[in-house]
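In what follows, a structure is listed as structure tokens, so that the remarks can point back to it.
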Amino acid sequence: MQELDRMLAETNRLNDSRRALEHAYRDTENPLHVTKECLYFRENRQGIDLVRDHPEESMLREVDTIKDCQAPRQDLEHDTMNKNHSLTIDHTQHSLHNHSAAITYYPAVERIDNTVSVPETWAEFSNRNIQQSQTERTSSQRLRQEVDALIAATHQDMWTAWASSNTSLTHRAGETNDTRSKLLAHRDRVSVTL
Numbered sequence: 235m236q237e238l239d240r241m242l243a244e245t246n247r248l249n250d251s252r253r254a255l256e257h258a259y260r261d262t263e264n265p266l267h268v269t270k271e272c273l274y275f276r277e278n279r280q281g282i283d284l285v286r287d288h289p290e291e292s293m294l295r296e297v298d299t300i301k302d303c304q305a306p307r308q309d310l311e312h313d314t315m316n317k318n319h320s321l322t323i324d325h326t327q328h329s330l331h332n333h334s335a336a337i338t339y340y341p342a343v344e345r346i347d348n349t350v351s352v353p354e355t356w357a358e359f360s361n362r363n364i365q366q367s368q369t370e371r372t373s374s375q376r377l378r379q380e381v382d383a384l385i386a387a388t389h390q391d392m393w394t395a396w397a398s399s400n401t402s403l404t405h406r407a408g409e410t411n412d413t414r415s416k417l418l419a420h421r422d423r424v425s426v427t428l
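Per the working numbering, the sequence shown runs over residues 235 to 428.
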């Protein structure tokens, strides 16, 4: 019974990790939308403005980073689904007794040698189940640690990609303003000479 309680507690902690990961996933939606929108508007440029420059490459890397950060969610959902299914089976089995409804004989059950079952094999079976549960709990703990590390790394990767895009855009805006100033100065000199 203690192992079942430990497994229930670990499943609850794993569900908490899943919710944290889902929240982090939802937090990637808006930056992804904004970056894709910026790229869309850049595609509509015309003439000499239609270049593939450093800001555009930074935004493309930012989109790739966000998509890479969203991918592990599916792995966690699959693992959580498997654990919840196992837990449901365990609950069902735990609640069964000799007078439970829907307990019937199954075909080919007569091929099992009833004389083979001894207390040692029952104990061995129970010990294997406990060891399996402990292995699953350890796996779940490792998965939760990976989720926490993934969320932290994802946050850092997205922040770095965003900062790189902003730096590139700021640099490009500075170049554009500098070029504009030079063109205006040149225009004024031409106007004076005419």
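Even for Gly, the Cβ is constructed at its ideal location relative to N, Cα and C.
So that I know if they touch, is there some Cβ in chain C lying closer than 8 Å to that of residue i?
i	result
C272	Absent from the structure is chain C; it holds one protein chain and no more.
Hey, could you find the ends of the alpha helix (DSSP H) residue i is sitting in?
i	result
A258	236-277
Can you check whether the CB of residue j is closer than 8 Å to the CB of residue i?
i	j	result
R362	M241	no
D324	L238	yes
E244	S374	yes
T216	M293	One cannot answer for residue 216 here, as it falls past the ends of the chain, which runs 235 to 428.
On the premise that residue j lies in contact with residue i, defined as a C-beta separation below 8 Å, what is that separation, rounded to the nearest angstrom?
i	j	result
P289	S399	7 Å
I364	A254	Not really, about 29 Å apart at Cβ, beyond 8 Å.
Quick one: residues in its chain with C-beta nearer than 7 Å to the C-beta of residue i, no 5 flanking neighbours on either side, listed in chain order?
i	result
R247	R378
Return the chain-ordered list of same chain residues with a C-beta closer than 8 Å to the C-beta of residue i, the five sequence neighbours on each side being excluded.
i	result
R286	none
H389	A258
Measuring only from the beta carbon, is residue i closer than 7 Å to any heavy atom that is part of the ligand ADP?
i	result
H319	As far as ligands go, the structure on display features none, and thus does not contain the ligand ADP.
Give me, in chain order, the residues of the same chain whose beta-carbon lies closer than 6 Å to that of residue i; leave out the 5 immediate sequence neighbours on both sides.
i	result
D382	none
D391	T299
T355	none
Does the count of Cβ pairs from the stretch 389-402 and the stretch 287-301 closer than 8 Å reach three?
yes
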